[in-house]
DNA sequence: ATTGTAATTGAGAATCAGTTGCAATTATAA
DNA sequence: TTATAATTGCAACTGATTCTCAATTACAAT
Ligand SMILES: [Mn+2]
Ligand SMILES: [Mn+2]
Ligand SMILES: [Zn+2]
Ligand SMILES: [Zn+2]
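Protein chains in written order, with our numbering: chain A, 105 to 252; chain B, 105 to 252.
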């Protein structure tokens, strides 16, 4: 059974006059078999672990295509590198990031999304995407941190 | 007349057992004489232009201190480098970023901030900071872009 | 004012994510 | 099957940020 995301990506590429190569297919598969967030290097290592040979360059070249096709989203820049997650089949969400343990908690609020849209409308700004990152301490880390 | 931010920074440093050096003072001054956003290199160039000699290293070492002291905020990672702005005396705000012309429009909504706080409370997440970046097209770029 | 000491500095080397040039390979439409 | 433009891996390259280290300096305690 062909996965739906293959279809989407294939059509996206076709529309741009680009090729659906085995490398791109493999990267797509690798991306979609990730449970949560990943960065380009995670992906490379995971694929190599499974014996799939793709170059770093191809990964870096393919991720922007997946991004453009809407199959993945760039989540944030942790430390100094980009993180992604696939969003096809899942909904958009924002992130709470624990500064102590690094946990990333998804957050979705319809109300919040609507409010943002309204604010943009008011500014006459055509909103395409957004990233909201809230940093602080998760429940566990906050209770452990001594302060009452 | 001594600037208020000098005082704040000095006290911050003292509390941490760090020194208020002339380099740090100069960097602080450079930061606060910037109108809007800046990145480390902007700052370096501007200071050199004024004949103030500080090393790149000192700038990169001082910015995190200013961040920690609450005098500046990290705005976002454009391209691949960090951007900052001083927020002392000004309020916190989020950003609308035009993908075409690069314009950055400040956005503040009390309602939005409150909503975020409530959401965090609901998740029992101790929120310290957040960054909201909305990307799309500004009024001017959107009307120019042909699509109706 | 002098001194002791830990913090700081500048310069350049090092690091590291991400990009690029290029020759060999491959998808795909005709 | 062929023509052709797109793609690949590799290694060299960027450019931002961090680090190393010897020389300097702030500043608290004499
Ligand atoms: Mn997520
Ligand atoms: Mn701003
Ligand atoms: Zn945590
Ligand atoms: Zn614009």
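The beta-carbon is built from N, C-alpha and C at its ideal position, and this holds for glycine as well.
- Proximity of chain A to residue 209/B at the Cβ level (cut-off 8 Å) is accounted for by 227 and 229, in chain order.
- Contact between the region 212-225 of chain B and the region 169-188 of chain B is not established, with fewer than three Cβ pairs separated by less than 8 Å.
- Between residue 122/A and residue 240/B, the beta carbon gap of about 25 Å keeps them out of contact (Cβ cut-off 8 Å).
- Residue 149/B and residue 158/B have their C-alpha atoms roughly 10 Å apart.
- DSSP assignment within the region 146-193 of chain A yields the following whole beta strand (DSSP E) runs of 3 residues or more, N-terminal first: 176-182 and 185-190.
- Interface annotation, residue 246/B: in contact with chain A, CB-CB separation under 7 Å.
- Three or more beta-carbon pairs separated by less than 8 Å link the region 151-167 of chain B to the region 126-137 of chain B, which places the two stretches in contact.
- Straight through space, the alpha carbons of residue 127/B and residue 212/A are spaced by roughly 44 Å.
- DSSP, reduced to helix, strand and coil, places residue 240/B within a strand of the structure shown.
- Between residue 116/A and residue 173/A, the C-beta gap is smaller than 7 Å, which places the two residues in contact.
- When secondary structure is reduced to three states using DSSP, residue 205/A falls in the coil class, being assigned neither helix nor strand.
- Annotation for residue 185/B: 143 place their beta carbon closer than 6 Å to its own, counting only its chain and skipping 5 residues before and after.
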